[in-house]
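Position one of the sequence shown corresponds to residue 2 (our numbering), numbered consecutively onward. No residue lacks a Cβ here, since even glycine has one placed at the ideal position from N, Cα and C. Just so you know, these numbers come straight off a predicted model, no measurement behind them. The structure appears right after this line, and notes come after that.
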Amino acid sequence: MSQLSDTFTINTPQTPAAASALVAHASQNSYFMSGATRTYEARRLTLLKLRAALRKHEPLLLEALQKDLRKHPHESYMTEIGFIYDELHHVIQGLKSWMKPRKVSTPLSLQPGSSMIIPEALGRVLVIAPWNYPLQLAINPVIGALAAGNVVTLKPSELTPHVSAALALMVRESFEPALFHIVEGGVDVSECLLAEKWDHIFFTGSTAVGKIVAVAAAKQLAPVTLELGGKSPCIVTKSANIELAARRIVFGKVLNAGQTCVAPDYLLVEKGAEQDLIKAMRREIELRYGSNPLENPDMPRIVSDRHFQRLTKLMDPKYIVAGGRTDASQLLIEPTLFLNFPIDHPLMQEELFGPLLPILTYDKIEDAIRLITERDHPLALYIFSEDKDEQESVIRGTRFGGGAINDTIMHLANANLPFGGVGASGHGNYHGVSSFECFVHHKSVLKTSTFIDLPFRYAPWTPLKNKLIRLFLR
């Protein structure tokens, strides 16, 4: 920042990327104010163009995901590209009805008159994307913002450089920067962008960085959506189908090497069921990934050496009951289970974001609920149980962003379900119609008659006017 006066400051970009971001930021304001994004036809065409761009660049994007995260193309399509296609289809199908002004009732005291709610685009939207699902978590918020009639600047993660470069190529080939701009770079670029004025900021990432984004948004009074994380619990009761629970827990935990914000972060298993569950999970891991998962080409890697070192420091051998092998040269960690560790162990102090799964036991379902509610509200919660009373107790007795009964992660696959956190796990939500709602302002309009003007609303006040007011407002 360079000082302009005692009252105003200006942003001095430190890199060409930051400088280009500021130029695009100014052009986006003019483009939005021109009304070019206002009509249904314009928005639908933009979404169709985005879908065509994704199809054209799909091989490049799959290759980039393989290079950055060692994701198998099947996993990449299922959790990234296919997920985006499904969201695009859902939004394109619903957009026309979502855009329509909605008439609402008008009270007798305002008759003759009519009232309506008009969904209106906010303006300039900044999307800051994370590295763990660097394609899906970048493009899905953009879909909602464009559908709502906004102009968008996207900042992808620098920790997945191949995906960032592929996205930049796709966006620059397909869109005018005044409508949809992408800015590559590191922390300096993010700081420069956050210093600008936005009409909405959408951030996905860690709670620590989310707090920084929230402060930056507060300085300009910009609305902000924070998609954060936390320690998402998974409860397994004695009534659960243990084999199915093991299969779906392993799926949710090993997907993307556990680098998923809604992955099961720790298990709460009813006493007496833990050994059967551990055995079933061992079998499931070997079935899906072989006797040595580190040699399986389908095993995704940890994103960086820093995150690899963070995870391996948590791997206390005396508590490991399955797994435990690592390969620093490839940044690989096999799925690893932990048991009989103290409740204050570092495994339980932070979101793990890796293929490590600590297992705690409990006596009664109330004990499991108490342990969850004593912590920050998680982004996700899962329970495996065949007992409806147990299911109801957990769902009603805890606060969390979203979750599933007898499954993990798959609630994200339903575009009709809003996705987002609560408390420390974030605020605001998106997916499907919620993505549209996230990026609009609901403008309220009352239209009244010019032929009738009820006198009791005007001074001077009289007993008769008081009676009439009380007649209407009671």
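Where residue i sits in the DSSP three-state scheme
| i | result |
| --- | --- |
| D328 | strand |
| K448 | strand |
| I11 | Note that I11 has pLDDT 33, beneath the 50 cutoff, so the model's placement of it is unreliable and no number is given. |
| F181 | strand |
| C439 | helix |
| S6 | Confidence is the limiting factor: at S6 the pLDDT is only 30, short of 50, which leaves the residue's position unreliable and the question unanswerable from this model. |
| K104 | strand |
| K72 | coil |
| H201 | strand |
| C235 | strand |
| V423 | coil |
| R125 | strand |
| I410 | coil |
| T47 | helix |
| M300 | coil |
| E335 | coil |
| A381 | strand |
| I321 | strand |
| P120 | strand |
| L340 | strand |
| T226 | strand |
| V143 | helix |
| G114 | strand |
| V24 | helix |
| V270 | strand |
| G404 | strand |
| H58 | helix |
| F457 | helix |
| Y134 | coil |
| H428 | strand |
CA-to-CA distance, residue j to residue i, given in whole angstroms
| i | j | result |
| --- | --- | --- |
| S158 | A65 | 13 angstroms |
| S165 | G145 | 20 angstroms |
| G1 | R302 | There is no way to answer for residue 1, as the model of the chain reaches only from 2 to 475. |
| D328 | S305 | 13 angstroms |
| S240 | A219 | 47 angstroms |
| W462 | M117 | 31 angstroms |
| E59 | A167 | 10 angstroms |
| H73 | D299 | 6 angstroms |
| F385 | E197 | 46 angstroms |
| T449 | S115 | 7 angstroms |
| H119 | G211 | Looking at the sequence itself, residue 119 is Ile, so the reference to His does not match. Approximately 31 angstroms, taken between the alpha carbons. |
| A330 | S292 | The displayed chain sequence assigns Ser, not Ala, to residue 330. S330 and S292: Cα-Cα distance of roughly 20 angstroms. |
| Q29 | A37 | 11 angstroms |
| Q221 | L147 | 22 angstroms |
| P347 | V434 | 39 angstroms |
| P102 | R458 | 29 angstroms |
| Q4 | G186 | Any reading at Q4 is ruled out, since the residue's pLDDT is 29, under 50, leaving its predicted position unreliable. |
| V128 | T154 | 6 angstroms |
| E393 | S106 | 36 angstroms |
| E479 | G421 | Residue 479 is absent from the structure shown; the chain starts at 2 and stops at 475. |
| P336 | L372 | 24 angstroms |
Contact under 7 angstroms by Cβ, residue i with residue j
| i | j | result |
| --- | --- | --- |
| L111 | R52 | no |
| A1 | D377 | Missing from the structure shown is residue 1; the chain here goes from 2 to 475 and no further. |
| A223 | I202 | yes |
| Y383 | T409 | yes |
| H182 | A25 | yes |
| N151 | A122 | yes |
| M100 | Y41 | yes |
| I93 | L46 | no |
| L194 | K156 | yes |
| G427 | L227 | yes |
| L136 | L70 | no |
| S233 | K50 | no |
| L353 | L269 | no |
| K272 | A264 | no |
| G259 | P356 | yes |
Opening and closing residue of the beta strand (DSSP E) in which residue i lies
| i | result |
| --- | --- |
| K212 | Run containing K212: none in the beta strand (DSSP E); it sits in the alpha helix (DSSP H), 208 to 220. |
| K156 | 152 to 156 |
Boundaries (first-last residue) of the alpha helix (DSSP H) holding residue i
| i | result |
| --- | --- |
| T362 | Run containing T362: none in the alpha helix (DSSP H); it sits in the beta strand (DSSP E), 357 to 363. |
| I82 | Note, I82: premise wrong, no alpha helix (DSSP H); not H, not E. |
| V190 | 188 to 195 |
| Y290 | 275 to 290 |
| E174 | 162 to 175 |
| R249 | 243 to 255 |
| H308 | 306 to 313 |
| T374 | 366 to 374 |
| D390 | 389 to 398 |
| N467 | 464 to 473 |
Closer than 7 angstroms to chain D by CB, residue i
| i | result |
| --- | --- |
| A460 | Although the question refers to chain D, the structure presented lacks it and comprises just one protein chain. |
CB-CB length for residue i against residue j, believed under 8 angstroms
| i | j | result |
| --- | --- | --- |
| L338 | M282 | 6 angstroms |
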